[in-house]
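Asker: Please see the structure below; I have some questions.
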Amino acid sequence: MPDLSAVRAALKSQRIETPSWAYGNSGTRFKVFRQEGVPRDPFEKLDDAAQVHAATGAAPVVALHIPWDRVEDYGALRAYAEERGLRLGAINSNVFQDDDFKLGSVTNPDPVVRRKALGHLLECVDIMDATGSRDLKLWFSDGTNYPGQDDIAARQGRLAEALAAVYERLGADQRMLLEYKLFEPAFYATDVPDWGTSYAHCLKLGPKAQVVVDTGHHAPGTNIEFIVAFLLREGKLGGFDFNSRFYADDDLMVGAADPFQLFRIMHEVVKNGGLEPERGVAFMLDQCHNIEAKIPAIIRSVMNVQEATAKALLVDAGALAAAQSAGDVLEANAVLMDAYNTDVRPLLAEVRKEQGLHPDPMAAYRDSGWQQQIATGRVGGEQAGWGA
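Quick note: to get our numbering, add 232 to the position in the sequence shown (first position is 1).
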């Protein structure tokens, strides 16, 4: 049976990174619904992130998106975060919004556009230096919509050239996390469409390049936990972008669509040492809160990750190994299902109380009065959102 003291210690040490853009207005291609109290700048986003951390005790890191979170003084932004018990996490680049990138950024056939895109990526490394961030997260919308539109192999060469230039610029303690996405906005051939493509580029670059797994970026039926286990085995899993999807890249709250999948993923993480700090796996959220309140939705996502992690930690590893060695298919499956079917909410409530936290983070936030405060206090100015 699992050691409950070790389970409690692991849950107390887990850190989940929240995305700055999830605190702002976001939506679909059809409509963005504005909400009261949404941040007007990156500093107010950090104020909201501090509330999530205060309620959960597990979210002290905030990822930034450039240029959405561009400020004049990144040192001041870093100090502002630290004053609120936070630190700045991954710097997410943006080479998909400018008109110049219609045919791609670093894989664009036009060398002028490629230089512009590379310049932005190098700017993001400069920002990492100022914020103390460890990770540069790269996602490329680059791809083609029609057969014959461009040379597929040549685009891979252009991608490799840009990645090598960025990799060379990284500091000793900095990493490059390369994301992948099956499709959208490129509908014929996306230049980094799957974990294998990302892995191949990262393997060629070296140890500071790792793969990031966005749980919404796969074809239906893809066994994501297999990908996680493989990348952990190879030392190439840099982090997650946790979210849920029903159809495509829905960016819903993590665990909302398939909590059993989230448990299976976290089981592979736990079993293969992914929770160990030295492995450096970043547990990030990447979500779009369109119709739900921003801060409570992020709190709920953090709680969902915690619950899946707790269940994964409760898997009887000895019993599972014995059943697997004996070829007892039903017993092996039953061991996993016993852990998954355990109600871990009382355990997590106890862990939170031991940390001096409210046992129910949602109630803690509701009782804080913060939502009412920002609804009345944040008037005027321009609300932050996609592209802001």
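Where a beta carbon is used, it is the ideal one built from N, C-alpha and C, also for glycine.
Residues bridged to H297 by DSSP?
Answerer: Paired residues: N324.
Asker: To the nearest angstrom, how far is it from the Cα of F495 to the Cα of Q587?
Answerer: Those two C-alpha atoms are separated by around 24 angstroms.
Asker: With DSSP as the reference, identify every bridge partner of N257, one or two as the case may be.
Answerer: G617.
Asker: In terms of residue numbering, what span does the beta strand (DSSP E) encompassing A441 cover?
Answerer: Taken as a continuous stretch (DSSP letters only), the beta strand (DSSP E) holding A441 covers A441 to D446.
Asker: Start and end of the beta strand (DSSP E) containing K369?
Answerer: Segment D367 to L370, the beta strand (DSSP E) holding K369.
Asker: How many angstroms separate the CA atom of K369 from the CA atom of A394?
Answerer: Between K369 and A394, the C-alpha separation is close to 14 angstroms.
Asker: Can you pull the DSSP bridge partners for A286?
Answerer: Per DSSP, none; premise fails for A286.
Asker: For the candidate residues L469, G453, V293 and G289, whose alpha-carbon lies nearest to that of P591?
Answerer: If we check each option's Cα against that of P591, G289 comes out closest.
Asker: Assign P528 to one of two classes, buried (16 or more other C-beta atoms within 10 Å of its C-beta) or exposed (fewer than that).
Answerer: By the 10 Å Cβ count, P528 comes out buried.
Asker: Using only alpha-carbon positions, find the residue among V513, G487, E400 and T454 that is nearest to L414.
Answerer: Ranking the options by Cα distance to L414, first place goes to T454.
Asker: Output the boundary residues of the alpha helix (DSSP H) element that contains I248.
Answerer: Counting along the chain, I248 falls outside any alpha helix (DSSP H), though it belongs to the beta strand (DSSP E) covering I248 to P251.
Asker: Enumerate, from N- to C-terminal direction, the unbroken alpha helix (DSSP H) stretches of 4 or more residues contained entirely within the region 324-404.
Answerer: List check, alpha helix (DSSP H) in window: 343-363 and 384-401.
Asker: Excluding five sequence neighbours on each side, which residues of the same chain lie with their C-beta closer than 7 angstroms to the C-beta of R465?
Answerer: These residues qualify, in order along the chain: N504.
Asker: Rounded to whole angstroms, what's the CA-CA distance from S533 to A282? Just pull it up for me.
Answerer: S533 and A282: Cα-Cα distance of roughly 15 angstroms.
Asker: In whole angstroms, give me the CA-to-CA distance for K436 and E411.
Answerer: Between K436 and E411, the C-alpha separation is close to 16 angstroms.
Asker: For V264, write down the residues that DSSP places opposite it in a beta bridge.
Answerer: Paired residues: G259.
Asker: What separation, rounded to the nearest whole angstrom, lies between the Cα atoms of F418 and G375?
Answerer: Sequence check: residue 418 is Ala here, not Phe. About 5 angstroms.
Asker: Can you tell me whether A581 is helix, strand or coil according to DSSP?
Answerer: Helix.
Asker: For M516 versus F472, is the C-beta distance shorter than 8 angstroms?
Answerer: Yes, the Cβ-Cβ distance between M516 and F472 is below 8 angstroms.
Asker: Among D367, K263 and R310, whose alpha-carbon lies nearest the alpha-carbon of D279?
Answerer: Considering only alpha carbons, the answer is R310.
Asker: Under 7 angstroms Cβ to Cβ from L350, same chain only, skipping five residues before and after it: list those, please.
Answerer: For L350, where only same-chain residues beyond five positions count, the Cβ hits under 7 angstroms are V338, A394 and A397.
Asker: By the 10 Å Cβ neighbour count, where 16 or more other Cβ atoms means buried, how is K526 classified, buried or exposed?
Answerer: Under this definition K526 is a buried residue.
Asker: Considering only DSSP beta bridges, list what F515 is partnered with.
Answerer: DSSP lists I248 and F472 as partners of F515.
Asker: With which residues is R319 paired in a DSSP beta bridge?
Answerer: DSSP, once it has assigned bridges, lists V293 as partnering R319.
Asker: On the CB-based measure, 16 or more other CB atoms within 10 Å of its CB, does P578 come out buried or exposed?
Answerer: Answer is exposed; the Cβ neighbour count stays below 16.
Asker: Report the residue from A514, S373, D423 and Q388 whose alpha carbon sits nearest the alpha carbon of V443.
Answerer: If we check each option's Cα against that of V443, A514 comes out closest.
Asker: Which of the three DSSP states, helix, strand or coil, is assigned to R407?
Answerer: Strand, per DSSP.
Asker: Taking L437 as part of the alpha helix (DSSP H), name the residues at either end of that continuous run.
Answerer: W427 to L437 is the extent of the alpha helix (DSSP H) around L437.
Asker: Among the residues of its own chain, which have a CB less than 7 angstroms from the CB of V284, if the five just before and after it don't count?
Answerer: Here the set comprises T250, A291, I527, I530, I531 and V534.
Asker: May I ask you to report which of helix, strand or coil DSSP gives A421?
Answerer: Note: A421 maps to strand in three-state DSSP.
Asker: Quick one: does A308 have its CB under 8 angstroms from some CB of chain C?
Answerer: In the structure shown, chain C does not exist; there is a single protein chain.
Asker: Between S325 and V294, how many whole angstroms is the CB-CB distance? I'm expecting something under 8 angstroms.
Answerer: Not a contact, Cβ separation roughly 16 angstroms.
Asker: Considering Cα atoms alone, identify which of R247, A287, E268 and N565 is closest to R584.
Answerer: Taking only the C-alpha atoms, the option nearest R584 is A287.
Asker: For the region 234-241 against the region 296-308, do three or more pairs of beta-carbon atoms, one drawn from each stretch, fall closer than 8 angstroms, so that the two count as touching?
Answerer: These segments do not touch.
Asker: Assuming V547 contacts L562 (C-beta within less than 8 angstroms), just tell me the rounded distance between them.
Answerer: That belief does not hold up - the Cβ atoms of V547 and L562 are roughly 16 angstroms apart, past 8 angstroms.
Asker: Of all the beta strand (DSSP E) runs that stay within the bounds of the region 478-528, which reach a length of 3 or more residues?
Answerer: For the region 478-528, whole beta strand (DSSP E) runs of length 3 or above, ordered along the chain, are 514-517.
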